[in-house]
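Using my numbering, read the sequence shown as starting at 403 and increasing by one per residue.
Each residue gets a CB set at the ideal place from its N, CA and C atoms; glycine is no exception.
Below is one structure, written out as structure tokens, with a few remarks after it.
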Amino acid sequence: MSGNTFGTIFKLTTFGESHGSALGAVIDGCPPNIELDESVIQQDLDRRKPGQSKFVTQRKEGDKVEILSGVFEGVTTGTPIGLIIRNEDQKSKDYANLKDKFRPGHADITYQEKYGIRDYRGGGRASARETAMRVAGGAIAKKVLSSLGVKVRGGVVQVGDIKAKDINYETKNEFNFLDESKVEELKEFFAKLNKEQDSIGAKILVNISGMPSGIGSPVFSKLDAELAKAMMSVNAVKAVEIGTGCDVVTMRGSENRDKINKSGFESNNSGGILGGISNGDEINIYASLKPTSSISQKTKTLDINNDEVELQVKGRHDPCVGLRATPILEAMTVMCILDQILIDRGQCFNVQRDFKN
Ligand SMILES: Cc1cc2nc3c(=O)[nH]c(=O)nc-3n(C[C@H](O)[C@H](O)[C@H](O)COP(=O)(O)O)c2cc1C
403 MSGNTFGTIF KLTTFGESHG SALGAVIDGC PPNIELDESV IQQDLDRRKP
453 GQSKFVTQRK EGDKVEILSG VFEGVTTGTP IGLIIRNEDQ KSKDYANLKD
503 KFRPGHADIT YQEKYGIRDY RGGGRASARE TAMRVAGGAI AKKVLSSLGV
553 KVRGGVVQVG DIKAKDINYE TKNEFNFLDE SKVEELKEFF AKLNKEQDSI
603 GAKILVNISG MPSGIGSPVF SKLDAELAKA MMSVNAVKAV EIGTGCDVVT
653 MRGSENRDKI NKSGFESNNS GGILGGISNG DEINIYASLK PTSSISQKTK
703 TLDINNDEVE LQVKGRHDPC VGLRATPILE AMTVMCILDQ ILIDRGQCFN
753 VQRDFKN
């Protein structure tokens, strides 16, 4: 009910605020006998953590995770896995001027309206620091999924008008951009953006390969609906597309339907999902993230007394939140897919599936 838990069988509950003492999670329903230690989780947390390039927030957090329970002699026991990360680099005084003022585009006004109280330091629970524990949960789900041959990878495919053309998931650059040929253009773009004290939106692609068919349930739990919920639960995500996504609007049925032959589908406009059930093809999910609302340009806003005031946001912020979002969206994807596989197994364990894509 309170919205801090994700999943049905593989279940993640997170707790903690940006400037509180710690972030934590309980993962219940993880299969037993999965090899797990802190280093497995740490690898993914290190991909998400702030301060890794000059194009992201300069907050320095070690994000060192500790496993509190659910692992014995290097393997999961099937009991709840407790995780904790202590916060280290809080600079709460940067946020003192937000105590009584609502940042436009952030969650200050809605948290205040809903609960009548809010932890204004660093965005409290609405800060992207909360997502560290999603990445930790995702690292564990990924371990389970990889034993089933399912692989999830992703990266940035659009920043402003700069679009990736040749997608390469192995590419490594400070923008997490999947087309290396655009890196110089991105550097120039961000240099200009920083001078203008502004921010920009981005689009992330998450790809699932090795996906078994038959996963997802009609009708309210369609796999695309579950994935959209997983993605939309991430801060700043404003749109989710599957497969051909919004481009279906201009397509004809004759080109959009994916023809089927003995070796599988001839195209993948459906994004690997038909009727809410996976067809065994790759699943491509696109998530569009809005530009960071906390920029240092002065703005007009409202304070808690309902007076119109001027605000200049201080603190360390990401000029493009999308640059750090890939590990978070991958984590939500793996947890969602693993959960859906476990649900399918619960009901359809006796079904022989013959269609090999
Ligand atoms: C990886 C990541 C980093 C973010 N960093 C910031 C930031 O530095 N400053 C900020 O104002 N918002 C940042 N956000 C976005 C806010 O968390 C988000 O806009 C806020 O919680 C309101 O939620 P909504 O945009 O989903 O409505 C970030 C989001 C993500 C995914």
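Does the beta carbon of residue i fall short of 7 Å from some heavy atom of ligand 1?
i	result
Ser695	yes
Ile730	yes
Asp563	no
Gly418	no
Thr459	yes
Ala528	yes
Asp705	no
Val636	yes
Asp720	yes
Arg726	yes
Ala566	no
Gly556	no
Val723	yes
Lys456	no
Gly674	no
Lys631	no
Gly525	yes
His508	yes
Lys700	no
Thr533	yes
Lys692	yes
Per DSSP, which residues does residue i bridge with? Please list them.
i	result
Asn609	Arg555, Asn686
Phe417	Gly426
Val711	Thr703
Ala604	Val561, Leu691
Glu437	Val477
Ser680	Ile675
Val636	Paired residue(s): none; Val636 is not in a bridge.
Ile483	Ile429
Gly666	Asn663
Phe504	DSSP lists no partner for Phe504.
Glu468	Ile486
Thr407	Thr415
Phe579	Val558
Val642	Ala689
Do residue j and residue i have their beta-carbon atoms positioned less than 8 Å apart in this structure?
i	j	result
Val770	Glu437	Within the shown structure, residues of the chain are numbered from 403 to 759, placing residue 770 beyond reach of any answer.
Asn435	Thr481	no
Gly395	Tyr513	Residue 395 lies beyond the residue range present for the chain, which begins at 403 and ends at 759; the question has no answer from this structure.
Asp465	Ala566	no
Ser420	Arg531	yes
Ala427	Ala538	yes
Asp564	Leu588	The identity of residue 564 in the sequence shown is Ile, whereas the question assumes Asp. It is a contact, given that the beta carbons lie within the stated cut-off.
Val651	Ala604	no
Met734	Val636	yes
Gln699	Gln599	yes
Leu425	Arg536	no
Leu633	Ile687	Residue 633 is actually Met in this sequence, not Leu. Contact: yes.
Asn489	Gly422	yes
Ile469	Ile487	no
Glu684	Ile610	yes
Ala638	Val723	yes
Ala543	Phe751	no
Lys501	Tyr517	no
Lys503	Val753	no
Asn681	Thr646	no
Asp720	Thr459	yes
Counting contacts by CB-CB distance shorter than 8 Å, is residue i in contact with chain C?
i	result
Ala733	Among the chains in the structure shown there is no chain C, since it carries only a single protein chain.
| Three or more C-beta pairs below 8 Å linking the segment 439-451 and the segment 726-746 | The segment 439-451 vs the segment 726-746: in contact.
| query | Taking contact to mean at least 3 C-beta pairs separated by less than 8 Å, is the segment 572-583 in contact with the segment 550-561? | reply | By the Cβ criterion, the segment 572-583 is in contact with the segment 550-561, since at least three pairs of Cβ atoms, one from each stretch, lie closer than 8 Å.
| Segment contact flag, the segment 538-556 with the segment 702-714, C-beta cutoff 8 Å, min 3 pairs | Verdict: no, contact absent.
| Would you say the segment 688-695 touches the segment 494-513, given that touching needs at least three Cβ pairs under 8 Å? | The answer is yes - the segment 494-513 touches the segment 688-695, with three or more Cβ pairs under 8 Å.
| Does the count of Cβ pairs from the segment 621-637 and the segment 674-685 closer than 8 Å reach three? | In short, these stretches touch, since the Cβ pair count reaches three.
| Is it a yes or a no for the segment 738-746 touching the segment 613-621, going by three-plus beta-carbon pairs under 8 Å? | Judged by Cβ distances under 8 Å, the segment 738-746 makes contact with the segment 613-621, as three or more pairs qualify.
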